[in-house]
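Participant: All residue numbers in the sequence shown are consecutive under the numbering used here, ending with 494.
Glycine included, every Cβ here is placed at the ideal spot set by N, Cα and C.
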Amino acid sequence: MSNEQLWQAVLGEIELSLSKANFSTWFRNTFIASFDNERVVVGVPSGFVKSWLENKFKKDITITIESILNQKVKEIHFQIEALKHTNNKPTTNISAASQPTPAKNTATHPASQSAASGSHGKNRFGLNPRYTFQNFVRGTGNDLAYAACQAVVTNPGKAYNPLFVYGGVGLGKTHLIQALGHELVKRSLSLMYATSEAFINDYIGVVKGGAAREFKQRYRDVDVLIVDDIQFMAGHDGTQQEFFHVFNDLHQADKQIIIASDRPPKAIPGLEKRLLSRFEWGMIADVVPPDIDTRVAILKTKCKERSWDLHEDVIGFLASNIQNNVRELEGALNRLIAYHEFNNTTPTIESTKTVLNALIANLQAKSKTPKTIIEIVSRYYGINNKDIIGKCRKKELVTPRQIIMFLMREECGASFPAIGEELGGRDHTTAMHACNKIGSNIENDIKLKKDIDSIKNMLQEYCLSA
Ligand code: ADP
Ligand code: MG
Numbered sequence: 029m030s031n032e033q034l035w036q037a038v039l040g041e042i043e044l045s046l047s048k049a050n051f052s053t054w055f056r057n058t059f060i061a062s063f064d065n066e067r068v069v070v071g072v073p074s075g076f077v078k079s080w081l082e083n084k085f086k087k088d089i090t091i092t093i094e095s096i097l098n099q100k101v102k103e104i105h106f107q108i109e110a111l112k113h114t115n116n117k118p119t120t121n122i123s124a125a126s127q128p129t130p131a132k133n134t135a136t137h138p139a140s141q142s143a144a145s146g147s148h149g150k151n152r153f154g155l156n157p158r159y160t161f162q163n164f165v166r167g168t169g170n171d172l173a174y175a176a177c178q179a180v181v182t183n184p185g186k187a188y189n190p191l192f193v194y195g196g197v198g199l200g201k202t203h204l205i206q207a208l209g210h211e212l213v214k215r216s217l218s219l220m221y222a223t224s225e226a227f228i229n230d231y232i233g234v235v236k237g238g239a240a241r242e243f244k245q246r247y248r249d250v251d252v253l254i255v256d257d258i259q260f261m262a263g264h265d266g267t268q269q270e271f272f273h274v275f276n277d278l279h280q281a282d283k284q285i286i287i288a289s290d291r292p293p294k295a296i297p298g299l300e301k302r303l304l305s306r307f308e309w310g311m312i313a314d315v316v317p318p319d320i321d322t323r324v325a326i327l328k329t330k331c332k333e334r335s336w337d338l339h340e341d342v343i344g345f346l347a348s349n350i351q352n353n354v355r356e357l358e359g360a361l362n363r364l365i366a367y368h369e370f371n372n373t374t375p376t377i378e379s380t381k382t383v384l385n386a387l388i389a390n391l392q393a394k395s396k397t398p399k400t401i402i403e404i405v406s407r408y409y410g411i412n413n414k415d416i417i418g419k420c421r422k423k424e425l426v427t428p429r430q431i432i433m434f435l436m437r438e439e440c441g442a443s444f445p446a447i448g449e450e451l452g453g454r455d456h457t458t459a460m461h462a463c464n465k466i467g468s469n470i471e472n473d474i475k476l477k478k479d480i481d482s483i484k485n486m487l488q489e490y491c492l493s494a
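(1) By the three-class DSSP mapping on this structure, what secondary structure does S350 have?
(2) Using a Cβ-Cβ cut-off of 8 Å (strictly less than) and excluding sequence neighbours within five positions of P445, which residues of its own chain qualify?
(3) Quick check on DSSP: helix, strand or coil for D415?
(4) I need the boundaries of the alpha helix (DSSP H) containing T168, first residue and last residue.
(5) Can you tell me whether L399 is buried or exposed? The criterion is at least 16 other CB atoms within 10 Å of its CB, across all chains shown.
(6) Taking 7 Å as the cut-off, is the C-beta of D314 nearer than that to any heavy atom in ligand 2?
(7) Who are S45's beta bridge partners in DSSP?
(8) In chain order, which continuous runs of the alpha helix (DSSP H) of length 4 or greater are located wholly inside the segment 228-265?
(9) Out of N276, I258, Q269 and D319, which one is the CA nearest neighbour of K294?
(10) Using the beta-carbon count (16 or more within 10 Å), is V252 buried or exposed?
(11) For ligand 1, which residues have a Cβ under 5 Å from at least one heavy atom, in chain order?
(12) Return the CA-CA distance between L155 and T92, expressed in angstroms with no decimal places.
(13) Assuming contact is defined by CB atoms lying nearer than 8 Å, are I60 and V72 in contact in what I supplied?
(14) Return the CA-CA distance between L204 and V213, expressed in angstroms with no decimal places.
(15) Is any non-hydrogen atom of ligand 2 found closer than 7 Å to the C-beta of A288, if you look at the structure I gave you?
(16) Go to M460, then tell me how far its alpha helix (DSSP H) extends in each direction, as first and last residue.
(17) Which of the three DSSP states is assigned to G448 in this structure?
(18) Is it the case that the segment 221-235 contacts the segment 180-200, given that we only count it when at least three CB pairs across the two stretches are under 8 Å?
(19) Output needed for P292: all residues of its chain with C-beta closer than 6 Å, excluding positions within five of it in sequence on either side, in chain order.
(20) Where does the unbroken alpha helix (DSSP H) through V405 begin, and where does it stop?
(21) Taking R302 as part of the alpha helix (DSSP H), name the residues at either end of that continuous run.
(22) Distance, Cα to Cα, L111 vs D415?
(23) Report the rounded CA-to-CA distance for G185 versus T267, giving the unit in angstroms.
(24) Any chance you could list the alpha helix (DSSP H) runs of at least 4 consecutive residues sitting entirely within the segment 194-228, in chain order?
(25) So is the beta-carbon of D265 under 7 Å away from any non-hydrogen atom of ligand 2?
(26) Pull up the distance between the alpha-carbon of L346 and that of T322, whole angstroms please.
(27) With hydrogens ignored, establish whether the beta-carbon of C257 is closer than 7 Å to any heavy atom of ligand 2.
(28) Using only the alpha-carbon positions, how far apart do S482 and N50 sit?
(29) Could you give the C-beta distance for N352 and P317, rounded to a whole number, given that I count them as a contact under 8 Å?
(30) Could you name the residues that DSSP lists as bridge partners for F59?
(31) Would you tell me roughly how many angstroms separate the C-alpha atoms of G40 and E403, rounded to the nearest one?
(32) So, does the segment 433-447 touch the segment 462-479, judging by three or more C-beta pairs under 8 Å?
(33) Would you call the CB atoms of I287 and V255 closer than 8 Å?
(34) Do you know offhand how far S123's Cα is from E450's?
(35) Would you kindly report the start and end of the unbroken beta strand (DSSP E) that includes A110?
(36) V315 bridges to which residues according to DSSP?
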């Protein structure tokens, strides 16, 4: 296996556990620069990305390489180095494929690249091997959705079709529908998991002259179709029409359709009426934040997965302090473990308090840095940060620039003159205009809203784990 192939496989795995925007922001233009004597050097495009990958992904990358190669990795090192496009084709493709579709740059990658994003990972159906029922905790917040999944396992295509699961970010929707997917695969059903973004990109590929026949077959030749984050299909009229046909064909043939969304069908703006009514044919189940007992059980499961023994009191303390989001709960646990592994100590309530406080303080302190906002927005749009604060008035620079100003105001409470100053000495009226414009456009422009939400999530995550 060449370094390129290896890195491609690693990215395939990692991509499964991240949003597309996040994945692209941090892994674009990364590659394996060298690998010898159990020592891996990963090339990264900037210091910003380097420190993020070191802090956040070192362990994941190591484990993934080890599991792919079935051999130990002693050392992993990140080094700032430019990607030579000709030599690293697969990585280049990933980076293009995962571009978060900024203004002009709607995805242009070939269809075969995107759908079932895990096709280049381990599981050929696109499922993350870690997302099983075995390590999913059933609790009050997900009870209905969990029961619906079990009904689908026993009677696929008939019990609830479609099964539509919705709820806030980080509450286990993806984990749950993928766990259901694993169970259905075990019953010898053929399956395809795709995010709605992958579906959109595939469809755009067809519109641009791609393999229409192959596209049609790929989504119809399955017993089970899982589409995650369907809300991103809102506003993509052509794609919705196509999905409508796929849906009908599958449904008529009693093939199971499973959908996840961050909100109920009715609340997805720009969703075609006939799709909405289709979604309401089956079962709609919500997930809400877990109660304290479930949070405790989740923490215990995560500790077990990582073979880490944590005192009941500490678990209780974490569970009572982080309430709304399982992903954050997991993030805090990881942070706690990392801290104590590093210091070779055992977590106590006191030390957990320190770590959590640092986490919160970090979040506040770091999100207040206009520089971080500039960095993240530029990476999100794949634009050089000098260009983004520069004078050029091209549309693909102007919108991201205005988003930066808007976020500096929203996230840091910066004054208009201060924002102007950060953006290369612009006048305060420019900042004011930008903030007003984005503030009002966000109401009607779904894509803009989605971009800003993604950026905010990234900011939050960046600050949490810094
Ligand atoms: P969503 O798709 O709703 O944004 P995810 O499925 O990505 O959320 O879940 C975020 C993280 O939280 C994942 O690592 C997942 O394993 C974990 N998680 C969420 N709910 C549970 C649960 N009930 N039991 C175990 N892990 C959970
Ligand atoms: Mg999800």
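Facilitator: Let me lay it out:
(1) With the sequence shown as reference, residue 350 is identified as Ile, and Ser is not the correct amino acid for it. It is coil, neither helix nor strand.
(2) Only residues of its own chain outside the window of five on either side were considered, and among them H456 and A459 have a CB closer than 8 Å to the CB of P445, listed in chain order.
(3) Helix at D415.
(4) Counting along the chain, T168 falls outside any alpha helix (DSSP H), and DSSP gives it neither H nor E.
(5) Here residue 399 is Lys; the residue named in the question, Leu, does not match the sequence. K399 comes out exposed.
(6) False, no ligand heavy atom lies under 7 Å from that Cβ.
(7) Note: S45 sits in no beta bridge, so no partner.
(8) For the segment 228-265, the full-length alpha helix (DSSP H) segments reaching 4 residues or more read 240-248 along the chain.
(9) Out of N276, I258, Q269 and D319, I258 has the C-alpha closest to the C-alpha of K294.
(10) Here V252 is buried: its Cβ has 16 or more other Cβ atoms, across all protein chains shown, within 10 Å.
(11) Going along the chain, the residues that qualify are F164, V165, V197, G198, L199, G200, K201, T202, H203, I326, V354 and R355.
(12) Rounded to whole angstroms, the gap between the alpha carbons of L155 and T92 is 15 Å.
(13) No, Cβ-Cβ distance for I60 and V72 is not below 8 Å.
(14) Computed Cα separation, rounded: 14 Å.
(15) Yes, the Cβ of A288 comes within 7 Å of a heavy atom of ligand 2.
(16) Per DSSP, the unbroken alpha helix (DSSP H) holding M460 starts and ends at H456 to N472.
(17) In this structure, G448 counts as helix in the three-state DSSP scheme.
(18) Segments in contact, no.
(19) Excluding sequence neighbours, P292 sits near Y194.
(20) Element bounds for V405: P398 to Y409.
(21) It spans K301 to F307 - the alpha helix (DSSP H) in which R302 sits, taken as one unbroken run.
(22) In this structure, the CA atom of L111 is about 20 Å from the CA atom of D415.
(23) Spanning the two alpha carbons is a distance of roughly 23 Å.
(24) As far as the segment 194-228 is concerned, its whole alpha helix (DSSP H) runs of at least 4 residues are 201-214.
(25) No, ligand 2 has no heavy atom inside 7 Å of this Cβ.
(26) About 12 Å.
(27) Position check: residue 257 holds Asp in this sequence, whereas Cys was assumed. Yes, the Cβ of D257 comes within 7 Å of a heavy atom of ligand 2.
(28) Here the alpha carbon of S482 sits roughly 8 Å from the alpha carbon of N50.
(29) Taking a contact as a CB-CB distance under 8 Å, the pair N352 and P317 counts as one, their CB atoms being some 5 Å apart.
(30) F59 pairs with G71.
(31) Whole-angstrom Cα-Cα distance: 25 Å.
(32) Yes: the two stretches touch, three or more of their Cβ pairs being nearer than 8 Å.
(33) A distance below 8 Å separates the beta carbons of I287 and V255.
(34) At S123, the pLDDT of 32 sits below 50, so the modelled position is not reliable; the number obtained from the coordinates is stated separately. Going from the Cα of S123 to the Cα of E450 covers about 29 Å.
(35) Note, A110: premise wrong, no beta strand (DSSP E); not H, not E.
(36) Note: V315 sits in a beta bridge opposite G195.
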